[in-house]
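*Asks:* I am attaching a structure below and will ask some questions about it afterwards.
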Amino acid sequence: MIPTVAARSARHLLRPFGLFLFVCAVLWGCVAPPPPPPPPPPPPPKVEKPLAAPLSAEEALARVRQMSPSSQGLKSWRELEPGLRASLGYVSARPAEGVAVQRPGLRLTWGVLRQTIEDLLGALPYLDEDPALLARVFAWFPLEQEKTLVTGYYEPFLDASLVPDKDYPYAIYGPPQDLLTVDLGEFHPRWKGQKLFYRMTKNGIKPYYARGDIDFSGALKEKGAEIAWVKDRVDLYFLHIQGSGRLVLPDGSIKHVLFANKNGRELTMLGRTVINRGYLTRDEASMPRIRSFVQENPKLARELLSADQSYVFFRLADDGPFGSMGKLLTPMSSIAVDRSLVPLGATLAMSVPLPAPKSGGPQRLGGIMMAQDTGGAIVGNHVDLFCGSGQYAEFVSGRMKNPGVLHLLVSQRAMATLRPGNGAMELDVPLHGQNGNGNGNGNGNGNGNGNGNGNGNGKASPPAE
Numbered sequence: 002m003i004p005t006v007a008a009r010s011a012r013h014l015l016r017p018f019g020l021f022l023f024v025c026a027v028l029w030g031c032v033a034p035p036p037p038p039p040p041p042p043p044p045p046p047k048v049e050k051p052l053a054a055p056l057s058a059e060e061a062l063a064r065v066r067q068m069s070p071s072s073q074g075l076k077s078w079r080e081l082e083p084g085l086r087a088s089l090g091y092v093s094a095r096p097a098e099g100v101a102v103q104r105p106g107l108r109l110t111w112g113v114l115r116q117t118i119e120d121l122l123g124a125l126p127y128l129d130e131d132p133a134l135l136a137r138v139f140a141w142f143p144l145e146q147e148k149t150l151v152t153g154y155y156e157p158f159l160d161a162s163l164v165p166d167k168d169y170p171y172a173i174y175g176p177p178q179d180l181l182t183v184d185l186g187e188f189h190p191r192w193k194g195q196k197l198f199y200r201m202t203k204n205g206i207k208p209y210y211a212r213g214d215i216d217f218s219g220a221l222k223e224k225g226a227e228i229a230w231v232k233d234r235v236d237l238y239f240l241h242i243q244g245s246g247r248l249v250l251p252d253g254s255i256k257h258v259l260f261a262n263k264n265g266r267e268l269t270m271l272g273r274t275v276i277n278r279g280y281l282t283r284d285e286a287s288m289p290r291i292r293s294f295v296q297e298n299p300k301l302a303r304e305l306l307s308a309d310q311s312y313v314f315f316r317l318a319d320d321g322p323f324g325s326m327g328k329l330l331t332p333m334s335s336i337a338v339d340r341s342l343v344p345l346g347a348t349l350a351m352s353v354p355l356p357a358p359k360s361g362g363p364q365r366l367g368g369i370m371m372a373q374d375t376g377g378a379i380v381g382n383h384v385d386l387f388c389g390s391g392q393y394a395e396f397v398s399g400r401m402k403n404p405g406v407l408h409l410l411v412s413q414r415a416m417a418t419l420r421p422g423n424g425a426m427e428l429d430v431p432l433h434g435q436n437g438n439g440n441g442n443g444n445g446n447g448n449g450n451g452n453g454n455g456n457g458n459g460k461a462s463p464p465a466e
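With our numbering applied, the sequence shown closes on residue 466, and no number is skipped along the way.
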């Protein structure tokens, strides 16, 4: 077919246009793409707030006047001696020149903490009659510039059996044989102090079973990991949260059950779950209210409890409970701390409101605390008070979420006998009470407070004023 004149004309017109498009495409390909946008600036470095200056002697004395051993359930300050000796054993096992406290404005060694505990032990026999010794013998450093969140934990009682029984359907598990761990710090310094909890499968390693797998899908059933059985599933969950408890056996005898290991999965507290899902408000979500809500809504139990993937494995014992330093805890006196803020073994003064039951009890705790435990949920400016066992301990711990004022206690004598820059102590804030006359080192043999007036007899005698 012979093309028409109009068709031939259109073809001639399209050829230049096609050539133009071809040239544009070539030129476009030769043009370098625009450079990517610059990366966002790095976040500003986290600057820790400088530690405030210690209280003056007058300020410390005002704090002491608010303290009483009875607010801690003690008849005398002397009852703190076993706990303090436990802390002393812990800090004494650390290198004396090693750094225990590294904060802006204050750097203290384990040797300073040891001297502090020794001086406090020396003062204990005299505090009942002369509590002002706490203001004269120790420097009081605020733990933080703002108030500290104080919560509570306790040792629950659970009806239990050590043998399978249809009346006790829920198992307490010991560490399973297939639970494996590895120290990630061995692979790279950036992971120092971190552990991986896992299990081996035919397809390689997998995260260890979560709470839902264990409690609701039978992942550990009949694998020989059971150590006891309890009556109530929700009570079992709260045993996991507390980390230890007491089993009341059918014959009335008591067996301690203590933390032995964990599955390494994410901790999501039950209280947070019921709040986030709109079942309770933040003000309603006390531990007793959370417990009753789940027990009253059994159809929601699997959903709510499984949201917390973390799981604790236990061991049976004849004594307990023990804190992270491996020592027995003292009710209303031992606290769990964030070790990056407060070292284990430190002694502190704490003042905090207390929940009081209708039957009565102190409405404020003002006393001496011993940092002897840690906890997965205890991060930053937050401490957890060990409230003991029994109904009162359960009441207080379940409702305890109050702002408290804490001061790190440091022996004046220990600080005065050290020289800044010697690697043992650095103080960037003035220390109240130093006389500045060169006689602040004492003789090192008695219980003097750094003014050279120690008695030097090496016996339990009151620190010199």
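Don't be surprised by glycine CBs; every beta carbon is placed ideally from N, CA and C.
Bear in mind that the values here come from a model prediction, so they are computed numbers and not experimental data.
Quick one: what's residue 477 bridged to in DSSP?
*Replies:* In this structure the chain extends from 2 to 466, so residue 477 is not present and cannot be described.
*Asks:* Closest to residue 83 by CA distance: which of 373, 109, 377 is it?
*Replies:* Here residue 83 is taken as the residue at index 82 of the sequence shown, counted from 1. Checking every option, the nearest Cα to that of residue 83 belongs to 373.
*Asks:* For the candidate residues 241, 239, 263, 232, whose alpha-carbon lies nearest to that of residue 199?
*Replies:* Numbered from 1 along the sequence shown, position 198 holds the residue referred to as residue 199. Nearest C-alpha to residue 199: 263.
*Asks:* Using only CA atoms, which one of 58, 54, 65 lies nearest to residue 368?
*Replies:* Translated into the one-based positions of the sequence shown, residue 368 becomes position 367. The residue with the shortest Cα to Cα distance from residue 368 is 65.
*Asks:* Under three-state DSSP, which class holds residue 245?
*Replies:* As a first step, residue 245 must be located in the sequence shown, where it is residue number 244. Residue 245 falls in the strand class under three-state DSSP.
*Asks:* What does the Cβ neighbour count give for residue 181, buried or exposed, with the cut at 16 atoms within 10 Å?
*Replies:* Along the sequence shown, one-based indexing puts residue 181 at 180. By the neighbour-count rule (16 or more Cβ atoms within 10 Å), residue 181 is not buried but exposed.
*Asks:* Out of 132, 133, 401, which has the shortest C-alpha to C-alpha gap to residue 284?
*Replies:* As a first step, residue 284 is located in the sequence shown; it is residue number 283 there, counting from the start. The shortest C-alpha separation from residue 284 is found at 401.
*Asks:* Below 8 Å on the Cβ atoms is my contact criterion, and I expect residue 85 with residue 371 to pass it. Report the Cβ-Cβ distance as a whole number of Å.
*Replies:* Locating residue 85 in the sequence shown gives position 84, where the first residue counts as 1. Locating residue 371 in the sequence shown gives position 370, where the first residue counts as 1. Residue 85 to residue 371, Cβ: 7 Å. Contact.
*Asks:* Hey, out of 210, 142, 359, 172, whose CA is closest to residue 310's CA?
*Replies:* In the sequence shown, counting from the first residue as 1, residue 310 sits at position 309. When each option's Cα is compared against that of residue 310, the closest is 210.
*Asks:* When the Cα of residue 154 is compared with those of 320, 288, 319, 295, which residue comes out closest?
*Replies:* As a first step, residue 154 must be located in the sequence shown, where it is residue number 153. Out of 320, 288, 319, 295, 288 has the C-alpha closest to the C-alpha of residue 154.
*Asks:* DSSP has residue 216 in a bridge; who is on the other side?
*Replies:* Looking up residue 216 in the sequence shown gives position 215. For residue 216, which the question treats as bridged, DSSP gives no partner whatsoever.
*Asks:* How is the alpha helix (DSSP H) around residue 156 delimited, first residue to last?
*Replies:* Reading the sequence shown from its first residue, position 155 is the one you call residue 156. Element bounds for residue 156: not the alpha helix (DSSP H) but the beta strand (DSSP E), 149-156.
*Asks:* Does the region 193-207 come close enough to the region 155-175 to have 3 or more Cβ pairs within less than 8 Å?
*Replies:* No, the region 193-207 is not in contact with the region 155-175.
*Asks:* Let me confirm a value: residue 267 is counted as buried when at least 16 other C-beta atoms fall within 10 Å, else exposed. Which label applies?
*Replies:* Your numbering for residue 267 matches position 266 in the sequence shown. Residue 267 comes out exposed.
*Asks:* DSSP state of residue 308, grouped into three classes?
*Replies:* Position 307 of the sequence shown, counted from the start, is the residue given in the question as residue 308. Coil, per DSSP.
*Asks:* To the nearest angstrom, how far is it from the Cα of residue 277 to the Cα of residue 237?
*Replies:* Locating residue 277 in the sequence shown gives position 276, where the first residue counts as 1. Locating residue 237 in the sequence shown gives position 236, where the first residue counts as 1. Rounded to whole angstroms, residue 277 to residue 237 spans 22 Å at the Cα level.
*Asks:* Rounding to the nearest angstrom, what Cα-Cα distance links residue 194 and residue 187 in this structure?
*Replies:* Position 193 of the sequence shown, counted from the first residue, corresponds to residue 194. Position 186 of the sequence shown, counted from the first residue, corresponds to residue 187. For residue 194 and residue 187, the distance between alpha carbons rounds to 9 Å.
*Asks:* Per DSSP, what are the beta-bridge partners of residue 103 in this structure?
*Replies:* Taking the sequence shown and counting its residues from 1, the one referred to as residue 103 is at position 102. For residue 103, which the question treats as bridged, DSSP gives the partners 108.
*Asks:* Closest to residue 352 by CA distance: which of 403, 379, 321, 358 is it?
*Replies:* Counting from 1 along the sequence shown, the entry for residue 352 is found at position 351. It is 403.
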